[in-house]
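**Student:** Mind having a look at this structure? Questions to follow.
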Amino acid sequence: VGQCGNQIGSVFWPLALHDFFVVPDNSHDLCFKSITDLKRAKVKARAILIDMEDSVVGGLRKGPVRDLFDQACVVTNYPGSANNWAVGYHTYGTEYHEKLEDTIRHMVEKCSRLHGFLLMHSVGGGTGSGLGTAVLKLLADNYPTIDRLVSCIYPIVMQDVVTAPYNVLLSTRELIEYATCVFPIENESLLDICNAQLKVKANTEQINYNLSCKPFQDMNSIVANMLLHLTSGSRFPGNLNMDMNEIATNLVPYPKLHYIFSSVSPLTLSAPTMYNVSGTKLIDETFINAWSRKNQLIKVDPLQSGSMILSAAHVARGNCSVNDLKRNIERFRKKVTFADWSNEAMKVGLCSVPPAGHSTSLLCLLNSSSMISLFKNVVEQFTRLYRRKDRMTANGNSPLDSMRTLEHYLSDIMRAGTADTPEHVKGKSPFFPSLEDQSGTLLEDPNAASQLDGVGVGVGVGVGVGVGVGVGVGVGVGVGVGVGVGSGMTGSQTAPLSSPSRSSPHSQGSETGERFSRKVFVGGLPPDIDEEEIKASFRRFGSLVVDWPHKAESKSYFPPKGYAFLLFQDEASVQQLIDACIQDEEKLYLCVSSPTTKDKPVQIRPWRLSDADFVLDASMPLDPRKTVFVGGVPRPLKAVELAMIMDRLYGGVCYAGIDTDPELKYPKGAGRVAFSNQQSYIAAISARFVQLQHGDIDKRVEVKPYVLDDQMCDECQGQRCGGKFAPFFCANVTCLQYYCEHCWATIHSRPGREFHKPLVKEGADRPRAVPYRWC
10 VGQCGNQIGS VFWPLALHDF FVVPDNSHDL CFKSITDLKR AKVKARAILI
60 DMEDSVVGGL RKGPVRDLFD QACVVTNYPG SANNWAVGYH TYGTEYHEKL
110 EDTIRHMVEK CSRLHGFLLM HSVGGGTGSG LGTAVLKLLA DNYPTIDRLV
160 SCIYPIVMQD VVTAPYNVLL STRELIEYAT CVFPIENESL LDICNAQLKV
210 KANTEQINYN LSCKPFQDMN SIVANMLLHL TSGSRFPGNL NMDMNEIATN
260 LVPYPKLHYI FSSVSPLTLS APTMYNVSGT KLIDETFINA WSRKNQLIKV
310 DPLQSGSMIL SAAHVARGNC SVNDLKRNIE RFRKKVTFAD WSNEAMKVGL
360 CSVPPAGHST SLLCLLNSSS MISLFKNVVE QFTRLYRRKD RMTANGNSPL
410 DSMRTLEHYL SDIMRAGTAD TPEHVKGKSP FFPSLEDQSG TLLEDPNAAS
460 QLDGVGVGVG VGVGVGVGVG VGVGVGVGVG VGVGVGSGMT GSQTAPLSSP
510 SRSSPHSQGS ETGERFSRKV FVGGLPPDID EEEIKASFRR FGSLVVDWPH
560 KAESKSYFPP KGYAFLLFQD EASVQQLIDA CIQDEEKLYL CVSSPTTKDK
610 PVQIRPWRLS DADFVLDASM PLDPRKTVFV GGVPRPLKAV ELAMIMDRLY
660 GGVCYAGIDT DPELKYPKGA GRVAFSNQQS YIAAISARFV QLQHGDIDKR
710 VEVKPYVLDD QMCDECQGQR CGGKFAPFFC ANVTCLQYYC EHCWATIHSR
760 PGREFHKPLV KEGADRPRAV PYRWC
């Protein structure tokens, strides 16, 4: 997409053909001797060329590989996007939506086994950044289960496009939201690689090549060779091949943590007739070079001190044995620091066919916390232009609309940046107030827009603080970035924050209208305390019953695991209990005694009724068909905490709720999460299980679609079943529909669907019928 993407494509396809020509035998279907053979065999590239001006695409149409492309899969326009993300994304993205959709469908229908989509574009211009990310979103909406791999070019610091910082920020936000994997590449790093190659004078052939080389063509060749290496497992045979659809599975531990470092060794340049440009190198040296900072395609070292490796993959081609891989993988493990949950696992691939001109090569892919440096640079470049309010109308309809949009996107970028820190991955990050919420009161008044004079950014290990005009503070944990927005307030005023309330029960008592469940958890009881002694310790607060799991079956008077539940007759008794407790780090304690232990502190954990529901996005209507059921939710977990965890993992959460007992209003150990978009919903149900990690909580729970019992059959709309409600729901992502018995048998007898299993509405949990005797 765009000029940059098509220039990379103009190098990619000739080199891809050259890869096929060097197959050692003639058994491969695409082994041809010349372009004429390709034309005669009617072989076409599965490629779509998109650009809003036709200079580069026109060159491909007239070039030596012109017969390789299907003219029906070329989308062009004139005069371009004027280096404006909004024109590419909103104007052309809307105008060409149907044409792009039909063109993609036309190409997909030719695939017998679709591995994924590979997008090539820049993020600094207008068409590549705007229309490129619009195409990405279109793919996410129409093919949510198919991987979307993006190779995008980030411009150098001194851009020749004045609006590039805006374009980069806006497109980066879309890449974080909709891509499966992103392989960022910086022009500055490519220039450094080319300059280093020009200094090499190993032989006469190298010297002659240096004199005749074309720098920009060679820069594109580096990118093309990386992509050829990435797709080699899907194009050639090998004992340990890695297909494209295995990349995200092995390199993306959590959604949105999908920005991947890439490096290639040796660095092959464009001349396809140049064999052994870099000379013969040992296997071990090939691995060492791939880990080197000089071979990285962005100007960041993924193995720098303090960085954390989340996942890694090594894909070798040519003359490399399994023993070579094992030996160097062990060296790599000793060289880096992995996240503690990753088990130091690495994906390896081994393709039998070497690249053109080399006997062996290696592609190294790393998911590292050092990627925060790229986001930091994006934010710094944006801030430099945004601080002056320069070109604010270029990416929106009005300055106020642009400010609002850019601030929302900046907030998303910062969340993605801090997501690469290990603590965030482990679910122990604090709640970050979003940028738009901090400045929300300001943006409500259009006349107040001029009061926002700057954005402060602080970066560092520990706490990053940014201060603009007035008071605005953002906090990051670990290696993070904090953002502060001046709110135009005086020094004595503070900007309102949107982080969830962390106040103790003492600060929200009955005088504020706060209500509690009549069921209270008590933990840490002495092992020799029995039911009557527990009652005696708490009877002063009101009439109660002592209960614990499986109490009736155990026929014991002692809580088996040191905890119990207090069931009070009146809600006021719970408030009295809370008032009598001692608070320590937001936890409540009360002393009780047993026959052998005197005044032992036990934990009291009341349940606020307001903690059962949390609305993250009140502007979005709740759709039961985009809602998931979460089973086995730990009872201390609040709705706001469940919402934040699920939003961090899948994004798009607009509501979370904790299911409670209808009588006592106490959590039953299950919850519901509603999403605002289909992509997040499908990602959640496809995961099936999720690790809920928050504070002391660390539990694996089940996620499945929330099934209703009052839905009509989506297939026949009640015509075949007499208008009865549909009893079955198919949770497979290719269906996601309700079916009556007749339609289920008809639809799921088709090939490929016979193994789908129906979900039925589970019976609601009813309160246990216990003859309570309040005492």
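Start counting the sequence shown at 10; every next residue gets the next number (our numbering). Idealized CB from N, CA, C, for every residue including glycine.
1) Between residue 869 and residue 349, what straight-line distance do the alpha-carbon atoms span, to the nearest angstrom?
2) For residue 85, list the residues DSSP reports as bridge partners.
3) Indicate whether the contact test is met: 3 or more Cβ pairs, each with one atom in the segment 312 to 322 and one in the segment 198 to 207, closer than 8 angstroms.
4) From 720, 695, 721, 622, pick the residue whose C-alpha is nearest to that of residue 741; which is it?
5) If you reduce the DSSP assignment to three classes, tell me which class residue 669 lands in.
6) Entirely within the segment 311 to 393 and at least 4 residues each: give me those alpha helix (DSSP H) ranges in chain order.
7) For residue 682, which of helix, strand or coil comes out of DSSP?
8) So, are the CB atoms of residue 371 and residue 249 less than 8 angstroms apart?
9) On the criterion of 16 or more Cβ atoms from any shown chain inside 10 Å, does residue 164 qualify as buried, or is it exposed?
10) Hey, residue 253 and residue 124: beta-carbon distance below 8 angstroms or not?
11) I need the DSSP call for residue 532, collapsed to helix, strand or coil.
12) Would you please verify whether the beta carbon of residue 261 is less than 8 angstroms from any beta carbon of chain D?
13) Taking the alpha helix (DSSP H) that residue 111 belongs to, which residues open and close that run?
14) CB-CB under 7 angstroms to residue 712, same chain, minus the five flanking residues each way: which ones, in chain order?
15) When DSSP labels each residue in this structure, what does residue 719 get in the three-state scheme?
16) CB-CB under 8 angstroms to residue 610, same chain, minus the five flanking residues each way: which ones, in chain order?
17) By a C-beta neighbour count over all protein chains shown, 10 Å radius and 16 as the cutoff for buried, is residue 391 buried or exposed?
18) Do you know offhand how far residue 659's Cα is from residue 691's?
19) How is the alpha helix (DSSP H) around residue 599 delimited, first residue to last?
20) Would the segment 71 to 91 count as touching the segment 131 to 147 if we require 3 or more Cβ pairs under 8 angstroms?
21) When the Cα atoms are used, what is the spatial distance from residue 365 to residue 66?
22) With a 10 Å radius around its C-beta and 16 neighbouring C-beta atoms as the bar for buried, classify residue 174 as buried or exposed.
23) What does DSSP give as the partner residue(s) for residue 74 in the beta ladder?
24) Going by the CB atoms, is the gap between residue 329 and residue 297 shorter than 8 angstroms?
25) Enumerate in chain order the residues of its own chain whose CB-to-CB distance from residue 621 is below 7 angstroms, with the five nearest sequence positions on each side excluded.
26) What would DSSP say about residue 160, mapped onto helix, strand or coil?
27) Of all the options 115, 635, 295, 326, which has the alpha carbon lying nearest to the alpha carbon of residue 337?
28) Within 10 angstroms of the Cβ of residue 628, are there 16 or more other Cβ atoms? Answer buried if so, exposed if not.
29) Does the beta-carbon of residue 766 have 16 or more other beta-carbons within 10 angstroms, so that it is buried, or is it exposed?
30) Got a sec: does the ligand NAP put a non-hydrogen atom nearer than 7 angstroms to the Cβ of residue 178?
31) So residue 19 and residue 77 are in contact, right, with Cβ under 8 angstroms, and what is the actual spacing, rounded?
32) Nearest to residue 603 by CA position, among 182, 536, 572, is which residue?
33) Expressed to the nearest angstrom, what Euclidean distance is found between the alpha-carbon atoms of residue 612 and residue 100?
34) If you draw a straight line from the alpha carbon of residue 142 to that of residue 184, how long is it in whole angstroms?
35) Quick one, which of 144, 673, 130 has its alpha-carbon nearest residue 103's?
36) So residue 713 is in the alpha helix (DSSP H); what residue range does that whole segment cover?
**Tutor:** Walking through what the data contain:
1) The structure shown does not extend to residue 869, since the chain spans only 10 to 784, so no value can be given for it.
2) Paired residues: 60.
3) Output reads no: the segment 198 to 207 does not touch the segment 312 to 322.
4) Answer by Cα proximity: 695.
5) Here residue 669 sits in strand by DSSP.
6) Secondary structure within the segment 311 to 393: the alpha helix (DSSP H) runs of 4 or more consecutive residues, fully enclosed, are 331 to 344 (chain order).
7) Strand at residue 682.
8) Not in contact: residue 371 and residue 249 (Cβ atoms no closer than 8 angstroms).
9) With 16 or more other Cβ atoms within 10 Å, it is buried.
10) With contacts defined as CB atoms closer than 8 angstroms, residue 253 and residue 124 qualify as a contacting pair.
11) Strand, per DSSP.
12) No chain D appears in the structure shown, which is made up of a single protein chain.
13) In the DSSP annotation of this structure, the continuous segment of the alpha helix (DSSP H) that includes residue 111 starts and ends at 106 to 117.
14) Residues of the same chain with a CB within less than 7 angstroms of the CB of residue 712, apart from the 5 flanking positions on each side, are 637, 639, 693, 694, 696, 697, 698, 699 in chain order.
15) DSSP places residue 719 in coil when its eight states are reduced to three.
16) Contacts found: 533, 591, 598, 599, 600.
17) That one is buried.
18) Taking the straight line from one Cα to the other gives about 9 angstroms.
19) Judged by DSSP secondary structure, residue 599 falls outside any alpha helix (DSSP H) and instead within the beta strand (DSSP E) spanning 596 to 601.
20) Verdict: yes, contact present.
21) Approximately 26 angstroms, taken between the alpha carbons.
22) With 16 or more other Cβ atoms within 10 Å, it is buried.
23) Answer is none; residue 74 lacks a bridge partner.
24) Not in contact: residue 297 and residue 329 (Cβ atoms no closer than 8 angstroms).
25) For residue 621, where only same-chain residues beyond five positions count, the Cβ hits under 7 angstroms are 648, 666, 667, 669.
26) DSSP places residue 160 in the strand class (E or B) of the three-state scheme.
27) Ranked by how close their Cα comes to the Cα of residue 337, the residues 115, 635, 295, 326 have 295 in first place.
28) Under this definition residue 628 is an exposed residue.
29) In summary, residue 766 is exposed, with fewer than 16 beta-carbon neighbours lying within 10 Å of its beta-carbon over all protein chains present.
30) Ligands are entirely absent from the displayed structure, and the ligand NAP is therefore not among its contents.
31) In fact, because the Cβ distance is near 11 angstroms, the residues do not count as touching under 8 angstroms.
32) Ranking the options by Cα distance to residue 603, first place goes to 536.
33) In a straight line, the C-alpha of residue 612 is about 59 angstroms away from that of residue 100.
34) C-alpha of residue 142 to C-alpha of residue 184: approximately 7 angstroms in a straight line.
35) Of 144, 673, 130, the residue nearest in Cα terms is 144.
36) For residue 713, there is no enclosing alpha helix (DSSP H); the residue is part of the beta strand (DSSP E) that begins and ends at 706 to 714.
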